[in-house]
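Numbering (this note's numbering), first residue to last: 30 to 129. For each residue, glycine too, the CB sits at the ideal point set by N, CA and C. Below is one structure, written out as structure tokens, with a few remarks after it.
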Amino acid sequence: MAYTMSELSILIENIEKKFALLMQKIEFLETEKAALEEKIKLEIQEKNKFSESLERLTKQYESLKITNSLLGSEEFKKETKLKINSLVREIDHCISQLSQ
Numbered sequence: 030m031a032y033t034m035s036e037l038s039i040l041i042e043n044i045e046k047k048f049a050l051l052m053q054k055i056e057f058l059e060t061e062k063a064a065l066e067e068k069i070k071l072e073i074q075e076k077n078k079f080s081e082s083l084e085r086l087t088k089q090y091e092s093l094k095i096t097n098s099l100l101g102s103e104e105f106k107k108e109t110k111l112k113i114n115s116l117v118r119e120i121d122h123c124i125s126q127l128s129q
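What follows is the structure, given as structure tokens:
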């Protein structure tokens, strides 16, 4: 199929317009991608802060449970006794290893 010069000119012009639109879309998508990557980075930082906070609060909770049981709370006495017994066994084991 042979094209005339004016038809070729129109085809080239259409291709150039489509190319320009594609370039605009690429630029927009690259900008959007950068913004989303930054958002992900911030979300990860926030998640890490929450994880650290959760870990700290969990330790505080465990300490409070032990304190409660030492102060007479029936609810946690059994857990505390088991924990103390476990610590005593570990100490005994260490002493026996040092004695050898």
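Three-state secondary structure assigned by DSSP to residue i
| i | result |
| --- | --- |
| alanine 31 | coil |
| leucine 50 | helix |
| glutamine 89 | helix |
| leucine 100 | coil |
| glutamine 74 | helix |
| glutamine 129 | coil |
Checklist entry - If we count Cβ pairs, one from each stretch, closer than 8 Å, do we get three or more for the stretch 105-118 versus the stretch 85-95? => result yes
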